[in-house]
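Student: To convert, note that position 144 of the sequence shown is 144 in UniProt numbering; the numbers rise steadily by one, no gaps. All residues carry an ideal CB built from backbone N, CA and C; glycine is no exception.
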Amino acid sequence: MNMEQSQFYMTEAIKEAKQALLVDEVPIGAIVVHDGVIIGHGHNMRERFQNVTFHAEMLAIEEACTNLHSWRLEDCELYVTLEPCMMCSGAIVNSRIKMVYYGASDPKAGTVDSLYHLLNDQRLNHQVQVVSGVLESECSQMLTDFFRAIRKRRKEAKRLRQTD
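1) May I ask which residues mark the beginning and end of the beta strand (DSSP E) holding Gly42?
2) Where does Leu22 fall in DSSP's three states?
3) Once DSSP output is grouped into helix, strand and coil, what is the label at Gly90?
4) Would DSSP call Glu77 helix, strand or coil?
5) Secondary structure at Gln129, three-state DSSP: helix, strand or coil?
6) Check the DSSP bridge columns for Leu82 and list the partner residues they point to.
7) Taking Ala157 as part of the alpha helix (DSSP H), name the residues at either end of that continuous run.
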């Protein structure tokens with residue numbers, strides 16, 4: 001796949017991340033592509049539904065499986081704005097996705113390149129090709145802005161409590 005195509009699909013994942021922002025979730029978005037068609041969409045919904053498994057990747061994979069009527073996503077690609085965590089990497093390997101493109105690295109929880117290399121671990125029954133850094137600055141900036149705003153709100157709330 002060429003850079004222009006991967007940027008197009010990552011832009012679609014970024015649109016999903018922006019949907020997460022609308023409901024005050026961490027802005028992470030993901031899509032699953034099969035034969036050039038988006039068959040799965042997802043954005044973080046963990047806080048809204050109080051469900052730890054409601055990560056963008058998990059929701060996109062679930063929708064893709066439903067659309068293909070199969071748990072095997074062998075001819076699919078996943079685009080996600082943040083490096084997948086351990087849970088999501090496990091789902092990626094188990095669903096047999098062939099290719100993952102991600103935007104920003106996650107040095108605290110990423111298990112594709114940062115903490116572990118789960119998608120390329122030869123001990124597992126499936127390995128996944130990875131392209132990192134697709135629209136990295138845009139993906140990273142969304143997260144930076146989100147967490148900066150949260151810290152600012154918390155600081156303001158603390159200040160208001162102290163003045164009461």
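Tutor: Taking the geometry as given:
1) Val37 to His43
2) helix
3) helix
4) strand
5) strand
6) Ala104
7) Glu136 to Thr163
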